[in-house]
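A.B. asks: Numbering-wise, the sequence shown is residues 6 to 389 according to the working numbering.
A virtual CB, placed ideally from N, CA and C, is assigned to each residue, including glycine.
What follows is a single structure, and I will ask about it in a moment.
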Amino acid sequence: MEEEKKYPNIMLTGDRPTGRLHIGHYVGSLKRRVELQNQGGFDEMYIMIADTQALTDNAGNIAKVRDNVIEVALDYLACGIDPSKVTIFVQSRIPELFEFTCYFMDLVTLSRLERNPTVKAELGMRGFGESIPVGFLTYPISQASDILAFGTTIVPAGEDQMPMVEQAQEIAHKFNSLYGEVFPEPKIMLPETAVARRLCGTDGKAKMSKSLGNAIYLSDDAKTVEKAVMSMFTDPTHLNVSDPGHTEGNPVFIYLEAFATDEHFAKYLPEYPNLEALEEHYRRGGLGDVTVKRFLVKVLNDVLEPIRQRRHEFEKDIASVYRILEEGTAKAREAAAKIAFRARRAMGINYFEDKKHIEKQQKAFNRAHEQETKLAEYLAKQKK
Ligand code: TRP
């Protein structure tokens, strides 16, 4: 039996630095990253601040990207990402990523890029019209580089990143079959629950996002969280306290599902043993929105308080946060350089390192010269 090539278990994921991270990011991925980090099942773990990708639609707004690099780094550290276990790095400072992007561009067709569903949806939202930046259209190739450059096997990410991971798989496959096995085909690791997959906004809109103004940020203070929750959308048919209410599709109950534990009930709302009991009362009628919202405020602030406190500590020494990024980036670069070396070797463009090839070429040139000399000698003889 042929032995299957064994790759180390490597995790990589990342975020565009276009804003502070919110509670949707937390339930959708940050919490999981910290759990994976603490389980210790990976040989290497990388989290990338994707500034180059953020620039693909922010070329005229460098300040936004630059200023959010530190915000995202602070959010990571605040959530408990430990830089001694996870390499946190900045995309733009790894030149090998751009080298990979150039090689991979030759393995992907324009029509394949145009078919990427996430890019398609984003193109619609961005309103580029006919003026699509080339860098934007091709960012899935650059993202494939992010993933493949580290020998990544697992990409924890949301459903919207599935088409990106698929393109990375295709590129890995194409590269391996053209030049020889260099890259493992990476797999996506999706969030486990529906609420984690997509947390709605405070207005009940499908997605929590900065641009919709319906987000609660990890770095929001307790008062801001309270204000946001107290003005949240609930069940529009639940007009009087005595009316029966709907919990399904009700943002307040969706957030409770995402964040409230039985311990929170014991601590802040002991009249109910758990969420099912609260939901049951709401559906029956006689439970007011304000009671539920006040509970949600307590739950969210309970979850966010330790995150805020850690953030405040890191905010006191911004230079050392940049140092964490710098060290992580140096480490990531070393790893990417190793794989780039292997990729160039497989492609046969490692001109300076391939001593055997240099010798072979030398021999071929020598042989040619010998033949030329022999021919000249022969011709000279004939003339005589
Ligand atoms: N596209 C991701 C986002 O928009 C960010 C990202 C860039 C990423 N490179 C990555 C995610 C590599 C996972 C793996 O959030």
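E7 to E186, Cα distance in whole Å?
C.D. replies: For the purposes of this step, residue 7 is taken as residue 2 along the sequence shown, with counting starting at 1. For the purposes of this step, residue 186 is taken as residue 181 along the sequence shown, with counting starting at 1. Any reading at E7 needs caution, since the residue's pLDDT is 47, under 50, leaving its predicted position unreliable; the model's value is listed next. So the alpha carbons of these two residues sit roughly 14 Å apart.
A.B. asks: In the DSSP output, which residue or residues are listed as bridge partners for V17?
C.D. replies: Taking the sequence shown and counting its residues from 1, one reaches residue 17 at position 12. Residue identity check: residue 17 is Leu in the sequence provided, not Val. Answer by DSSP bridge pairing, in chain order: Y51.
A.B. asks: Tell me which residues share the same chain as T252 and place their Cβ nearer than 7 Å to its Cβ, disregarding the 5 neighbours each side in the sequence.
C.D. replies: Within the sequence shown, the letter at position 247 stands for residue 252. Counting only Cβ-Cβ distances below 7 Å, and skipping sequence neighbours, we find F258, E284, Y287, R288.
A.B. asks: Using 8 Å as the threshold, is the C-beta distance between D56 and V70 below it?
C.D. replies: Position 51 of the sequence shown, counted from the start, is the residue given in the question as residue 56. Position 65 of the sequence shown, counted from the start, is the residue given in the question as residue 70. Yes, they are a contact pair.
A.B. asks: Since V74 and V95 are thought to touch, with beta carbons under 8 Å apart, how far apart are those beta carbons, to the nearest angstrom?
C.D. replies: What you label residue 74 is simply residue 69 of the sequence shown in a count that begins at 1. What you label residue 95 is simply residue 90 of the sequence shown in a count that begins at 1. Between V95 and V74 the Cβ distance is about 6 Å, and since that is below 8 Å, they are a contact.
A.B. asks: Fully enclosed by the segment 89-124, which alpha helix (DSSP H) runs are 4 residues long or longer?
C.D. replies: 100-110, 115-119
A.B. asks: Would you mind listing the beta strand (DSSP E) stretches within the segment 174-220 that are 3+ residues and don't spill past its ends, in chain order?
C.D. replies: 192-194
A.B. asks: For A385, which residues of its own chain have a beta-carbon under 6 Å away from its beta-carbon, when the five flanking residues on both sides are left out?
C.D. replies: Counting from 1 along the sequence shown, the entry for residue 385 is found at position 380. Closer than 6 Å at the Cβ level, and outside the excluded window around A385, lies no residue.
A.B. asks: Judging by CA-CA distance, which residue of A369, K368, A345 is the nearest neighbour of E358?
C.D. replies: By one-based count along the sequence shown, residue 358 stands at place 353. Ranked by Cα distance from E358, the first of A369, K368, A345 is A345.
A.B. asks: In chain order, what residues of the same chain have a beta carbon less than 6 Å from the beta carbon of P196, not counting five sequence neighbours either side?
C.D. replies: Here the question's residue 196 lines up with position 191 in the sequence shown. G33, R202.
A.B. asks: Which residue from D87, N63, G24, P168 puts its Cα closest to that of R315?
C.D. replies: Taking the first residue of the sequence shown as 1, we reach residue 315 at position 310. Closest option to R315, Cα to Cα, is D87.
A.B. asks: Taking the beta strand (DSSP E) that I86 falls in, what are its first and last residues?
C.D. replies: What you label residue 86 is simply residue 81 of the sequence shown in a count that begins at 1. It is not in any beta strand (DSSP E) - I86 carries neither H nor E in the DSSP assignment.
A.B. asks: Say yes only if the C-beta of R21 is nearer than 7 Å to one or more non-hydrogen atoms of the ligand TRP, and no if none qualify.
C.D. replies: As a position in the sequence shown, residue 21 is number 16, starting the count at 1. Within 7 Å of the C-beta of R21 there is at least one heavy atom belonging to the ligand TRP.
A.B. asks: Where does the unbroken beta strand (DSSP E) through I159 begin, and where does it stop?
C.D. replies: Position 154 of the sequence shown, counting from 1, holds the residue named residue 159. Start and end: 159-161.
A.B. asks: Which same chain residues end up closer than 6 Å to V302 when comparing Cβ atoms and leaving out the 5 residues on each side of it in sequence?
C.D. replies: Along the sequence shown, read from residue 1 onward, the residue named residue 302 stands at position 297. For V302, where only same-chain residues beyond five positions count, the Cβ hits under 6 Å are E231, V234.
A.B. asks: Just confirm the distance between the C-beta atoms of V326 and L118, as a whole number of angstroms; I'd bet it's less than 8 Å.
C.D. replies: Stepping through the sequence shown from its first residue, residue 326 is reached at position 321. Stepping through the sequence shown from its first residue, residue 118 is reached at position 113. Contact doesn't hold; Cβ gap of about 35 Å is too wide.
A.B. asks: Could you please give the first and the last residue of the uninterrupted alpha helix (DSSP H) stretch that includes H362?
C.D. replies: On the sequence shown, residue 362 is found 357 positions in, with the first residue counted as 1. Looking at the DSSP string, the run of the alpha helix (DSSP H) that includes H362 is 360-388.
A.B. asks: Mind reading off the beta-carbon distance from I99 to T334? Whole number of angstroms is fine, and I expect it under 8 Å.
C.D. replies: Here residue 99 refers to the residue found at position 94 when the sequence shown is read from its first residue. Here residue 334 refers to the residue found at position 329 when the sequence shown is read from its first residue. About 7 Å; that satisfies the 8 Å criterion.
A.B. asks: Is it a yes or a no for the segment 177-191 touching the segment 350-368, going by three-plus beta-carbon pairs under 8 Å?
C.D. replies: yes
A.B. asks: Identify the continuous alpha helix (DSSP H) that holds M352 and give its terminal residues.
C.D. replies: In the sequence shown, counting from the first residue as 1, residue 352 sits at position 347. Looking at the DSSP string, the run of the alpha helix (DSSP H) that includes M352 is 323-352.
A.B. asks: Determine the burial state of L380: buried for a count of at least 16 other Cβ atoms within 10 Å of its Cβ, exposed for fewer.
C.D. replies: In the sequence shown, counting from the first residue as 1, residue 380 sits at position 375. Label assigned to L380: exposed.
A.B. asks: Determine, using beta carbons only, whether I146 comes closer than 8 Å to chain B.
C.D. replies: Going by chain labels, chain B is absent from the structure shown, which holds only one protein chain.
A.B. asks: Could you give the distance in angstroms between the alpha-carbon of F450 and the alpha-carbon of T23?
C.D. replies: Absent from the model: residue 450. The displayed extent of the chain is 6 to 389, so no value can be given.
A.B. asks: Rounded to a whole number of angstroms, what is the C-alpha to C-alpha distance between P122 and Y277?
C.D. replies: Along the sequence shown, one-based indexing puts residue 122 at 117. Along the sequence shown, one-based indexing puts residue 277 at 272. Their backbone Cα atoms lie some 44 Å apart in a straight line.
A.B. asks: CB-CB under 6 Å to D240, same chain, minus the five flanking residues each way: which ones, in chain order?
C.D. replies: Counting from 1 along the sequence shown, the entry for residue 240 is found at position 235. Answer for D240: G250, H251, N255, listed in chain order.
A.B. asks: Let's see if you can read the secondary structure: which residues bound the alpha helix (DSSP H) around D140?
C.D. replies: Within the sequence shown, residue 140 is the residue found at index 135, counting from 1. In the sequence under discussion, the amino acid at residue 140 is Gly, which differs from the Asp named in the question. Unbroken alpha helix (DSSP H) run through G140: 139-142.
A.B. asks: So, A59 versus A341, is the Cβ gap smaller than 8 Å?
C.D. replies: Sequence index remark: in the sequence shown, residue 59 carries index 54 (1-based). Sequence index remark: in the sequence shown, residue 341 carries index 336 (1-based). No; because the gap between Cβ atoms is not below 8 Å, this pair is not in contact.
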